[in-house]
Structures are given as structure tokens and as C-alpha cells.
Amino acid sequence: IGLDADVVVWHDLDAPTWPGGRTAMSEYDTRFADRLAVAHAAATDAEPLALPSRVNECRSCPWWPTCGEALRQARDVSLVLRGEEAVALRAAGVATVDDLAALDRSADPPVPLAGTSFADAVLLARAWQRDLSLVRRNPEISVPRADVEVDIDMESFGDAGAYLWGCLLTGADVGVTPGYRAFATWEAVPTPDEGYSFAEFWGWLSDVRSRTAQRGLRFAAYCYNELAENRWMLSSAERFADIPGVPSVAAVQEFIESSQWIDLFGVVSDEFVCAHGKGLKTVAPAAGFAWHDPDAGGENSMRWYRHAVGLDGAEPDPAQRERLLTYNADDVRATCTLRHWMSSEAVRQVPFVDDL
49 IGLDADVVVW HDLDAPTWPG GRTAMSEYDT RFADRLAVAH AAATDAEPLA
99 LPSRVNECRS CPWWPTCGEA LRQARDVSLV LRGEEAVALR AAGVATVDDL
149 AALDRSADPP VPLAGTSFAD AVLLARAWQR DLSLVRRNPE ISVPRADVEV
199 DIDMESFGDA GAYLWGCLLT GADVGVTPGY RAFATWEAVP TPDEGYSFAE
249 FWGWLSDVRS RTAQRGLRFA AYCYNELAEN RWMLSSAERF ADIPGVPSVA
299 AVQEFIESSQ WIDLFGVVSD EFVCAHGKGL KTVAPAAGFA WHDPDAGGEN
349 SMRWYRHAVG LDGAEPDPAQ RERLLTYNAD DVRATCTLRH WMSSEAVRQV
399 PFVDDL
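For the sequence shown, this note's numbering gives the first residue as 49, with consecutive numbering after it.
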């Protein structure tokens with residue numbers, strides 16, 4: 049259970065809430081028996097009872113290299129549309145990426161699609177065929193820009209807390225040193241020190257915003273997928289309200305809802321079809337950005353953090369702290385690079401949807 053929840057809900061696992069009057073426990077027993085049968089067939093070299101199909105959980109599954117290769121060999125449709133949509137398409141005879149790419153994107157879909165428009169599904173398949181990470185939706189790319197820009201990236205450890213707020217200041221001179229700035233606590237979260245680092249981050253951000261306004265300049269702050277940053281800004285404001293410098297929840301909410309807070313993930317979604325995913329690690333390389341650490345990623349950062357603060361009983365490792373700071377600095381530089389690239393003529397080299 050997360051540390052910032054207000055309500056805990058209990059579910060009756062013996063209630064007949066599943067289709068056909070099944071209970072959650074009977075559904076569990078049925079599915080578990082099915083998984084055991086699948087595993088037994090694989091262990092005894094019998095006819096497979098299940099074939100690979102990409103779902104959301106694949107991104108963190110250790111078996112993905114094995115299943116992913118099998119799916120690529122089969123050019124399976126789940127490579128571009130995951131989960132139930134892929135199941136429905138296969139049932140309608142659209143089993144491969146090539147089957148999907150051959151359809152008329154202006155026609156009615158063979159099956160209803162919930163998460164993706166049919167036109168986008170066909171475009172994703174055609175982009176996958178050509179190994180294109182990005183395809184422009186519009187002839188002109190529109191990216192909100194400002195005179196003074198701050199890229200923000202937060203690092204958290206699960207639901208325990210946000211231990212690092214990284215900022216990259218670029219643009220017009222407002223009397224604040226430009227470049228990367230980190231506001232961190234290296235006490236294991238949750239800790240009151242988390243509140244002090246958040247207060248320092250908010251104070252710095254507010255100072256930059258104020259100086260920008262005093263000079264009559266435009267200000268914008270950017271992140272990539274705002275859900276995490278929004279959650280921890282609001283949570284920090286609520287949990288550490290008694291610490292000097294921590295803003296009110298209302299002040300954070302006002303900032304989040306303002307035109308100064310821009311989610312580049314949303315901009316990318318509006319401007320591009322992304323055949324290999326919309327994650328920053330996938331999209332930013334198209335803009336020419338590369339991370340210093342070849343193992344950079346959210347899951348690995350959790351392990352680095354454990355060593356950085358000594359969660360496993362060992363002495364805290366300063367090298368892992370530096371690794372996390374480098375990772376965070378690269379993330380904000382990635383969003384900055386992506387934004388500048390999207391605002392440049394170079395983005396015109398990305399194929400346009402009408403060319404597919």
C-alpha cells in the first residue's frame with residue numbers, strides 16, 4: 049500500500065463479481081491451473097498451449113528477449129498493438145504487422161479498437177515495417193517555447209518518496225546560473241530531509257519564474273510524462289507542509305494547471321506516430337541524444353539508489369550517488385535536446401504520414 053493514500057478499499061474475494069457469477073478466488077484458481085498446464089507443456093516439449101503476445105508487462109519481464117525474438121520472427125501484430133487489441137485482430141484474421149499495414153486506414157476497422165485509433169494502428173504497422181521510430185503527423189511541428197526554459201525530472205524510490213529534483217536552466221539570462229542543478233536528499237526515503245530538498249527546489253524554481261516575469265520575458269518548465277512529477281509535487285506539499293519553504297498544495301496545483309508547465313510526452317503524442325514506443329529513451333535518440341550510462345533506466349535506478357543510501361545494510365556508495373545524478377542530468381538534457389530538435393528544420397527529415 050502506498051504511503052500517500054487517504055483511503056484503503058477491501059474487496060470480498062468470494063463475491064460473485066466476475067462474469068457468469070464467478071468469484072475472484074475461483075477465477076484465480078482457473079487461471080493458475082491454466083498457467084501450470086502451459087508450463088508443464090513447455091517443460092515436457094509437448095504442443096505449446098500458449099504463444100507469445102506482447103502486453104504491458106513485457107517491458108519489465110526478464111523473458112522479453114526470448115519472446116520478443118519469436119514475435120519479430122513471426123512479425124506478430126502485437127508488436128504494434130498490445131494486449132486485447134492484438135487478440136481481437138488475430139481473431140479477425142489480422143495476425144501480422146504486414147496484415148495490418150496492408151489495410152486502408154480510412155476504412156472501417158475489422159474490429160473495434162479501444163486504446164488506439166484504427167488509422168494510427170495502420171500507420172504504426174507501416175512505420176514498423178520501415179523500422180521508423182517516429183513519423184510526423186503534421187507537416188509543421190508545434191512545440192511551446194519560451195525565453196527562459198527549465199527542464200525538470202524527478203527521481204523517486206517506489207512509493208517511499210522523491211529523493212531528487214533535477215533542473216536544467218537554459219535561455220535568456222535572468223541572473224541565475226544556467227545549467228544543471230540537483231536538489232537531493234541522500235537519507236533513505238521517506239525522511240523529513242526529503243521535504244527540505246523539495247522546498248529548496250521549489251524556492252529555486254519560484255525565483256527563476258519571478259525573475260523572468262520581472263524582465264517581461266516568457267517562462268516555461270518542461271517534463272516528460274507529468275504524472276510522476278505532479279504526483280510527487282502535490283504529495284510533498286501535503287506531507288511536508290510544516291517545513292519552511294514548502295509551497296501549499298493550492299500553489300502547486302496552480303502551477304501544474306498553468307500554461308507554464310508543459311508535458312513533452314503529450315506534445316510528442318500529438319505530433320508523432322511512435323512505432324517503437326513513446327518513452328524518452330526511445331524518442332530522444334531520434335533527436336541525436338545519447339545517455340552517458342548504457343544501463344540508464346528507471347528500473348536500474350532503483351538498484352543504484354539502494355546502494356547509494358545503503359538500504360541493504362552496506363555503507364552508502366558515493367559512486368552510485370554520482371551515477372544517479374548523471375542519469376538525472378541526462379534525462380533533463382534529453383528533454384531539452386528533444387525540444388530544440390522538434391523546433392528546428394532537422395525535424396523535417398522525419399517521414400510524414402502521407403508518405404507511408
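Even for Gly, the Cβ is constructed at its ideal location relative to N, Cα and C.
These numbers were taken from a predicted model, which means no experiment stands behind them.
No Cβ-Cβ contact shorter than 9 Å links residue 137 with residue 127. Per DSSP, reduced to three states, the secondary structure at residue 196 is strand.
In this structure, the CA atom of residue 313 is about 12 Å from the CA atom of residue 330. Contiguous beta strand (DSSP E) elements confined to the stretch 225-293 occur at 227-232 and 267-271, taking only those with 3 or more residues. A contact between stretches requires three or more CB pairs, one per stretch, nearer than 8 Å, and the stretch 179-189 meets this requirement with the stretch 317-327. The Cβ-Cβ distance between residue 250 and residue 293 falls below 9 Å. With contacts defined by Cβ atoms closer than 9 Å, residue 384 and residue 197 form a contacting pair. With a cutoff of 9 Å on beta-carbon distance, residue 209 and residue 242 are scored as near each other. For residue 66, the secondary structure class from DSSP, reduced to helix, strand or coil, is strand. Within a 10 Å sphere around the beta-carbon of residue 307 sit fewer than 16 other beta-carbons, which makes this residue exposed. Residue 377 is not a Cβ neighbour of residue 365, given a cutoff of 9 Å. For residue 387, the closest of 122, 337, 276 and 165 by C-alpha to C-alpha distance is 337.
Look at residue 71 here: in three-state DSSP terms it is coil, with no helix or strand label. The criterion of a C-beta distance shorter than 9 Å is satisfied by residue 211 and residue 353.
Taken in chain order, the whole beta strand (DSSP E) runs of length 3 or more contained in the stretch 122-188 are 182-184. Here residue 269 is near residue 253, since their CB atoms are less than 9 Å apart. A Cβ-Cβ distance of about 5 Å is found for the pair residue 214 and residue 230, placing them in contact under the 8 Å criterion. From the listed residues 154, 159 and 155, the smallest Cα separation to residue 142 is found for 159.
With a cutoff of 9 Å on beta-carbon distance, residue 278 and residue 304 are scored as near each other.
Nearest to residue 302 by C-alpha distance, out of 344, 315 and 285, is 285.
In the DSSP annotation of this structure, the continuous segment of the alpha helix (DSSP H) that includes residue 384 starts and ends at 366-390. Taking 9 Å as the cut-off, the Cβ atoms of residue 259 and residue 222 count as close.
Here the alpha carbons of residue 193 and residue 266 stand approximately 9 Å from one another.
Looking only at 359, 362, 369 and 335, the smallest Cα-Cα distance to residue 391 is reached by 335. Going by C-alpha positions, residue 161 is about 11 Å away from residue 135.
In terms of Cα proximity to residue 62, the closest of 403, 400 and 76 is 76. DSSP assignment within the stretch 287-365 yields the following whole beta strand (DSSP E) runs of 3 residues or more, N-terminal first: 309-311 and 320-322.
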